[in-house]
Amino acid sequence: MDKADFLKGLPVYNKTNFSRFHADSVCKASHSACHTLRHSVILKVDQNRRPSVYLPTREYPSEQIIVTEKTNILLRYLHQQWNKKNAAKKREQDQGEGESPAPPRKVARRDSQEMNEDP
Numbered sequence: 001m002d003k004a005d006f007l008k009g010l011p012v013y014n015k016t017n018f019s020r021f022h023a024d025s026v027c028k029a030s031h032s033a034c035h036t037l038r039h040s041v042i043l044k045v046d047q048n049r050r051p052s053v054y055l056p057t058r059e060y061p062s063e064q065i066i067v068t069e070k071t072n073i074l075l076r077y078l079h080q081q082w083n084k085k086n087a088a089k090k091r092e093q094d095q096g097e098g099e100s101p102a103p104p105r106k107v108a109r110r111d112s113q114e115m116n117e118d119p
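Mind the numbering: the sequence shown is residues 1 to 119 in the UniProt record's numbering, read in order.
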């Protein structure tokens, strides 16, 4: 495949952007970056290598819908932590109530007349 043929069909704003491109030029980047750049931009097709293909390990239903959360991730995290903390407290209270009924925390208020009377 010729360079001009490859670049011919690409959408560009300015065709002169590719006028000074040379695939054989020396790459000043690291060897791996240069290698990747050349294989992605070079205009020759390697006949011996197969292209990389993603093979999924699971099958997902085709009608699967991805929905984004409307709440902030930080708020969701804080709510989860709060729920975990309160769940432990609720379990402790439930276990305490199951063993023996505890006296109520609040005591009924006596009438003010009874409090004023001295025995």
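Using N, Cα and C, we set each Cβ at its ideal position, and we do this for glycine too.
Secondary structure of residue 89 (DSSP, three-state): helix.
If you look at residue 7, you'll find it in the alpha helix (DSSP H) that goes 3-8. Taking 8 Å as the cut-off, the Cβ atoms of residue 58 and residue 69 do not count as close.
One Cα belongs to residue 95, the other to residue 71, and the distance between them is close to 34 Å.
Considered as a whole, the UniProt domain "DET1- and DDB1-associated protein 1" (47-84) harbours no complete run of any beta strand (DSSP E) with no fewer than 3 residues.
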